[in-house]
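K.L.:
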Amino acid sequence: MTVTLPGLPEEDEQHLEWGNDVLRLVIAHGPDTAPRLVALWHAAEGGPDLMALRRSALPVLETAVLGEGRSGTSGKRHVDGAAAQRLRLTGHRERRDGDRTCLELDLAEEEAGLRACVTYEVHDGVPVVRSSATVTAVRPAVLDHATTGVLSGLGHGARWEEELVLWAAANPWSGEFRWCRATLAERGLIDVGMVRHGQVGSKNRVSLTSTGAWSTSEYLAQGIVEDTRTGRMLAWQVETNGAWHAELGDRYDDVYLLATGPTTLEHQWAGAVGPGTQVRTVPVSLAVVPGHPDGRETTLGAVAAALTTHRRRVRRPHPDHDRLPVVYNDFLNGLMSDPTTERVLPLVEAAADLGAEYYVMDAGWYDDELGGWWDSVGAWEPSINRFPGGGLGAVLDRIRDLGMKPGLWLEPEVVGVRSPVARSLPAEAFFQRRGHRVTEWGRHQLDLRHPAARGHLDAVVDRLVGEFGLAYLKLDYNVDIGPGTDAGRGEPLGNGLLGHDRALLDWVGAVMDRHPGLVVEGCAAGGSRTDAATGAVFPIQSLTDQQDFRLTPPIAVAAPLAIPPEQAGVWASLDGTMTLEETAFSLVTALLSRVHLAGRIDTLRPGQQAAVREALAVHHAVRHAAARSVPVWPLGLPGWRDPWVALGARDGGDLYLAIWRRADDEGREIRGGDSVHLRLPGMVATGGVQVLYPTWGGESAAVVDGGTVVEVKLPAPLSARLLRVQVADRPGPS
Numbered sequence: 000m001t002v003t004l005p006g007l008p009e010e011d012e013q014h015l016e017w018g019n020d021v022l023r024l025v026i027a028h029g030p031d032t033a034p035r036l037v038a039l040w041h042a043a044e045g046g047p048d049l050m051a052l053r054r055s056a057l058p059v060l061e062t063a064v065l066g067e068g069r070s071g072t073s074g075k076r077h078v079d080g081a082a083a084q085r086l087r088l089t090g091h092r093e094r095r096d097g098d099r100t101c102l103e104l105d106l107a108e109e110e111a112g113l114r115a116c117v118t119y120e121v122h123d124g125v126p127v128v129r130s131s132a133t134v135t136a137v138r139p140a141v142l143d144h145a146t147t148g149v150l151s152g153l154g155h156g157a158r159w160e161e162e163l164v165l166w167a168a169a170n171p172w173s174g175e176f177r178w179c180r181a182t183l184a185e186r187g188l189i190d191v192g193m194v195r196h197g198q199v200g201s202k203n204r205v206s207l208t209s210t211g212a213w214s215t216s217e218y219l220a221q222g223i224v225e226d227t228r229t230g231r232m233l234a235w236q237v238e239t240n241g242a243w244h245a246e247l248g249d250r251y252d253d254v255y256l257l258a259t260g261p262t263t264l265e266h267q268w269a270g271a272v273g274p275g276t277q278v279r280t281v282p283v284s285l286a287v288v289p290g291h292p293d294g295r296e297t298t299l300g301a302v303a304a305a306l307t308t309h310r311r312r313v314r315r316p317h318p319d320h321d322r323l324p325v326v327y328n329d330f331l332n333g334l335m336s337d338p339t340t341e342r343v344l345p346l347v348e349a350a351a352d353l354g355a356e357y358y359v360m361d362a363g364w365y366d367d368e369l370g371g372w373w374d375s376v377g378a379w380e381p382s383i384n385r386f387p388g389g390g391l392g393a394v395l396d397r398i399r400d401l402g403m404k405p406g407l408w409l410e411p412e413v414v415g416v417r418s419p420v421a422r423s424l425p426a427e428a429f430f431q432r433r434g435h436r437v438t439e440w441g442r443h444q445l446d447l448r449h450p451a452a453r454g455h456l457d458a459v460v461d462r463l464v465g466e467f468g469l470a471y472l473k474l475d476y477n478v479d480i481g482p483g484t485d486a487g488r489g490e491p492l493g494n495g496l497l498g499h500d501r502a503l504l505d506w507v508g509a510v511m512d513r514h515p516g517l518v519v520e521g522c523a524a525g526g527s528r529t530d531a532a533t534g535a536v537f538p539i540q541s542l543t544d545q546q547d548f549r550l551t552p553p554i555a556v557a558a559p560l561a562i563p564p565e566q567a568g569v570w571a572s573l574d575g576t577m578t579l580e581e582t583a584f585s586l587v588t589a590l591l592s593r594v595h596l597a598g599r600i601d602t603l604r605p606g607q608q609a610a611v612r613e614a615l616a617v618h619h620a621v622r623h624a625a626a627r628s629v630p631v632w633p634l635g636l637p638g639w640r641d642p643w644v645a646l647g648a649r650d651g652g653d654l655y656l657a658i659w660r661r662a663d664d665e666g667r668e669i670r671g672g673d674s675v676h677l678r679l680p681g682m683v684a685t686g687g688v689q690v691l692y693p694t695w696g697g698e699s700a701a702v703v704d705g706g707t708v709v710e711v712k713l714p715a716p717l718s719a720r721l722l723r724v725q726v727a728d729r730p731g732p733s
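If you use numbering that gives the first Met the number 0, the sequence shown closes out at 733, no skipped numbers anywhere.
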């Protein structure tokens with residue numbers, strides 16, 4: 000719908016309002032102004048004051064051309080590009096496909112000759128808009144950056160330095176999803192008062208940047224901006240499996256958010272455009288949720304529900320999303336990359352006896368040097384020494400004989416410096432910089448844009464799947480290769496990395512096309528590629544390499560803000576030294592996601608074996624509900640040392656609650672006593688509490704405070720329970 004801006008003649012500026020039933024946006028455009036995203040809001044909030052937001056609005060495509068830079072300001076920010084300000088709307092159209100609606104905007108400017116198509120995408124009932132652009136030009140030009148992930152007007156009319164809060168998640172190896180919340184002032188962005196003297200703002204920014212091939216090794220590629228006056232939350236995610244950048248800055252007394260893929264400044268990227276040459280920007284999604292009168296945890300749950308639903312709508316379909324089979328993987332606290340027939344077979348027997356549906360042999364199955372494989376991988380031929388007699392095939396046959404499906408670990412992107420593959424493939428098939436093949440920790444990096452690299456991996460996968468009847472591949476990635484590759488021809492390094500990252504996802508999709516039903520797990524040093532682009536292709540992802548079962552709950556509890564539970568592989572590590580309560584503690588950690596059994600399950604005592612079978616029976620009963628659920632955090636997002644952590648999964652009227660009472664490294668209670676109150680965010684219980692697992696007793700759980708709280712008492716440090724409560728939405732204030 001196009002409407003004229005009140006108080007202005009029609010030829011000066013118009014507004015294009017668009018969206019779905021829950022999310023609306025307005026784009027201002029005219030003959031003398033770049034098309035600008037003036038406002039983005041949830042339908043429940045009512046319309047914004049568009050006139051007030053006009054001054055700080057930014058172009059729908061923020062870009063700068065090499066040789067021009069910015070106009071009206073300077074600094075490290077990626078806004079106010081001179082070329083972006085010259086863009087004009089030349090046409091628009093809408094497309095409908097099922098429950099998805101797309102708005103396409105045609106843009107042009109004449110000085111550099113840029114042409115662009117900006118696409119916005121929404122799904123019915125989901126308050127998330129996904130945007131991207133294709134940019135070209137009528138004559139050659141080079142872009143320093145380009146993104147549609149830009150929104151201004153945040154904190155309008157507020158003391159934004161104190162009233163706007165940024166949520167960001169550090170993502171350290173084996174301690175992933177560490178969310179923290181801080182005001183913009185605490186992050187270093189303050190109102191310096193210069194707008195009152197005719198200046199744009201402070202010129203600095205709050206920024207998050209990821210470089211290299213691990214997209215989330217330092218921070219998740221997402222965040223939330225919270226307006227504490229209203230409780231409103233704006234969430235963003237950059238949908239890439241490689242380099243990205245996000246920033247918040249002040250501009251004309253408001254705050255803008257910009258999220259983008261690689262840039263010149265941060266990532267050595269440059270976007271060449273011209274006749275026959277184009278740039279596809281990295282998609283960015285924005286979610287808007289109004290503040291809930293019940294409080295921050297309820298609003299956060301609504302953000303998670305919006306993002307979870309969005310991720311389910313845009314991902315590649317796979318039957319694994321519905322089946323959620325139980326996997327035993329022999330790496331973590333088990334064989335630790337040292338498999339042999341003698342070591343594997345007892346674990347195969349134990350996994351089948353417990354009820355695992357897949358057995359995945361992790362790293363080391365190709366190692367004939369018995370420990371020297373790290374810098375020699377690449378051919379992916381089964382070891383002869385490790386599997387005497389019938390070889391690897393006989394072991395995998397035994398897995399099938401016991402009713403499980405076999406899988407293998409693979410690290411496809413790397414080739415060890417001692418591997419014959421490092422010499423047989425052409426130089427152009429590897430990452431290069433200034434005439435040198437890139438090496439990191441004894442490995443070279445394949446460039447999957449090159450047909451020889453892709454052909455090599457196609458042959459490897461087709462051989463392994465065909466020869467051994469594999470049903471599962473775990474694809475790992477344990478080195479970060481740096482800024483990228485110049486491909487031996489002087490290509491900007493960031494372009495080479497982005498091109499490879501996109502080719503990797505294309506290759507994984509093609510593997511699943513050739514082998515329907517094959518489950519492909521994504522892994523990168525634990526959770527170092529837990530991004531939306533990876534999640535849209537891989538049916539399952541590994542969350543962490545954390546080996547201590549006592550430290551895994553805060554990782555698993557925070558994960559649903561980044562990945563749907565049916566795609567999250569969570570370790571349940573077990574061995575015969577654990578008490579029954581510790582066994583249940585580890586198992587509960589995985590029951591609301593994907594169960595990845597691990598550890599020395601061949602040493603379990605009969606009582607532990609019974610506890611595992613009981614847990615898996617419960618998982619079978621609830622896993623389909625978990626695959627439909629949205630996350631709930633009764634205690635908020637967990638801190639690393641919190642004495643109690645809790646995660647809810649809501650499926651309509653059913654709320655499944657996992658609760659852990661934790662201990663320190665010596666097994667002692669951290670603090671906080673033996674009971675906890677779990678407030679039900681935005682819900683009210685309509686019945687009592689059912690203990691689903693474990694059922695041997697020792698706990699107490701009851702609904703209190705008029706159905707708004709579940710009070711839980713657990714018997715000892717390192718104990719956990721899975722509960723079910725019937726719930727309904729809590730009525731709002733009258």
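From the three backbone atoms N, C-alpha and C, an ideal C-beta is built for every residue, glycine too.
All of these numbers come straight from a predicted model, not from anything done at the bench.
Considering only the alpha carbon of each residue, which of Arg-53, Arg-35, Thr-118, Asp-544 lies closest to Gly-80?
P.N.:
Nearest C-alpha to Gly-80: Arg-35.
K.L.:
Go through its chain and collect everything with a Cβ distance to Arg-670's Cβ below 8 angstroms, but skip five positions before and after it.
P.N.:
Cβ within range, chain order: Pro-642.
K.L.:
Any idea what DSSP makes of Ile-398, helix, strand or coil?
P.N.:
DSSP places Ile-398 in helix when its eight states are reduced to three.
K.L.:
Which of the three DSSP states, helix, strand or coil, is assigned to Ser-628?
P.N.:
In this structure, Ser-628 counts as coil in the three-state DSSP scheme.
K.L.:
Taking 8 angstroms as the cut-off, decide whether the C-beta atoms of Trp-235 and Gly-148 are in contact.
P.N.:
Yes, Cβ-Cβ distance for Trp-235 and Gly-148 is below 8 angstroms.
K.L.:
Taking 8 angstroms as the threshold, find out whether the segment 104 to 120 comes into contact with the segment 166 to 183 through three or more Cβ pairs.
P.N.:
The segment 104 to 120 is not in contact with the segment 166 to 183.
K.L.:
So, at 6 angstroms on beta carbons, what are the nonlocal neighbours of Leu-625 in its own chain, with the 5 sequence-adjacent residues on each side left out?
P.N.:
Correcting the residue type first, residue 625 is Ala in the shown sequence and not Leu. For Ala-625, where only same-chain residues beyond five positions count, the Cβ hits under 6 angstroms are Pro-564, Leu-591, Ala-648.
K.L.:
According to the neighbour-count rule (16 or more other Cβ atoms, all chains shown, within 10 Å of its Cβ), is Pro-482 buried or exposed?
P.N.:
Buried.
K.L.:
For Ala-700, name the three-state secondary structure that DSSP assigns.
P.N.:
It is a strand residue.
K.L.:
Taking the beta strand (DSSP E) that Glu-225 falls in, what are its first and last residues?
P.N.:
Segment 218 to 226, the beta strand (DSSP E) holding Glu-225.
K.L.:
Quick one: which unbroken alpha helix (DSSP H) runs of 4-plus residues sit fully inside the segment 400 to 454? Chain order, please.
P.N.:
Listed in chain order, they are 420 to 423.
K.L.:
Could you check the C-alpha separation between Pro-419 and Ser-585 for me, to the nearest Å?
P.N.:
One C-alpha to the other measures close to 42 angstroms.
K.L.:
Could you spell out the range, first to last residue, of the alpha helix (DSSP H) harbouring Asn-494?
P.N.:
Element bounds for Asn-494: 492 to 513.
K.L.:
Please report the residue range of the beta strand (DSSP E) in which Leu-677 lies.
P.N.:
Counting along the chain, the beta strand (DSSP E) containing Leu-677 begins and ends at 674 to 678.
K.L.:
Using the Cβ count rule (16 or more neighbours within 10 Å means buried), how would you classify Asp-226?
P.N.:
Buried, by the Cβ-count rule.
K.L.:
Please look up how many angstroms separate the CB atoms of Ala-169 and Tyr-218, rounded, as I've assumed it's under 8 angstroms.
P.N.:
The pair is a contact, with the Cβ atoms about 6 angstroms apart (cut-off 8 angstroms).
K.L.:
In three-state DSSP terms, what is Gln-566?
P.N.:
Residue state, collapsed to three classes: helix.
K.L.:
Going by CA-CA distance only, name the one from Leu-188, Val-128, Arg-314 that's closest to Ala-535.
P.N.:
Of the candidates Leu-188, Val-128, Arg-314, the one whose C-alpha sits nearest the C-alpha of Ala-535 is Arg-314.
K.L.:
Compute the Euclidean distance between the alpha carbons of His-14 and Ala-271, then round it to the nearest angstrom.
P.N.:
Rounded to the nearest angstrom, the two C-alpha atoms are 32 angstroms apart.
K.L.:
Taking its Cβ as the centre, do 16 or more other Cβ atoms sit within 10 Å of Glu-580, making it buried, or is it exposed?
P.N.:
Per the 10 Å Cβ criterion, buried.
K.L.:
Need the endpoints of the alpha helix (DSSP H) that Leu-344 sits in, please.
P.N.:
Element bounds for Leu-344: 340 to 353.
K.L.:
Ala-38 and Ala-83 - do their beta-carbons sit closer together than 8 angstroms?
P.N.:
No, the Cβ-Cβ distance between Ala-83 and Ala-38 is not below 8 angstroms.
K.L.:
Give me the Cα-Cα distance between Val-416 and Trp-372, rounded to the nearest whole angstrom.
P.N.:
The alpha-carbon atoms of Val-416 and Trp-372 are separated by roughly 11 angstroms.
K.L.:
How long is the line joining the alpha carbons of Arg-129 and Val-460, rounded to whole angstroms?
P.N.:
Taking the straight line from one Cα to the other gives about 33 angstroms.
K.L.:
Distance check for Val-709 and Arg-678, CA to CA, integer angstroms please.
P.N.:
Those two C-alpha atoms are separated by around 6 angstroms.
K.L.:
State the DSSP-derived secondary structure class of His-155, mapped to helix, strand or coil.
P.N.:
The answer is coil: DSSP assigns His-155 none of H, G, I, E or B.
K.L.:
With C-beta atoms as the reference, is Val-199 less than 8 angstroms away from Arg-186?
P.N.:
Not closer than 8 angstroms, so no.
K.L.:
What residue range does the alpha helix (DSSP H) around Leu-580 cover?
P.N.:
Reading off the sequence shown, one finds Glu at residue 580, where the question assumed Leu. That run of the alpha helix (DSSP H) goes 579 to 587.
K.L.:
Exposed or buried, which one is Val-569 when buried takes at least 16 other CB atoms within 10 Å?
P.N.:
That one is buried.
K.L.:
If distances are taken between C-alpha atoms only, which option among Arg-231, His-196, Asp-249 comes closest to Glu-160?
P.N.:
Residue Asp-249 is the option with its Cα nearest to Glu-160.
K.L.:
With DSSP collapsed to three states, give me the class of Gln-84.
P.N.:
Here Gln-84 sits in helix by DSSP.
K.L.:
Are Leu-503 and Glu-412 close, meaning C-beta to C-beta below 8 angstroms?
P.N.:
Cβ atoms of Leu-503 and Glu-412: closer than 8 angstroms.
K.L.:
For the segment 495 to 502 and the segment 439 to 450, state whether three or more C-beta atom pairs, one from each stretch, are separated by less than 8 angstroms.
P.N.:
Flag = yes, the segment 495 to 502 and the segment 439 to 450 touch.
K.L.:
With distances taken between CB atoms, is the gap from Leu-596 to Ala-350 smaller than 8 angstroms?
P.N.:
For Leu-596 and Ala-350, yes; Cβs fall inside 8 angstroms.
K.L.:
For the alpha helix (DSSP H) that Val-302 lies in, which residues bound it at each end?
P.N.:
Where Val-302 is concerned, the enclosing alpha helix (DSSP H) stretches over 295 to 313.
K.L.:
Could you tell me the alpha carbon to alpha carbon distance between Trp-639 and Glu-175, rounded to whole angstroms?
P.N.:
Near 10 angstroms, if we compare the C-alpha coordinates of Glu-175 and Trp-639.
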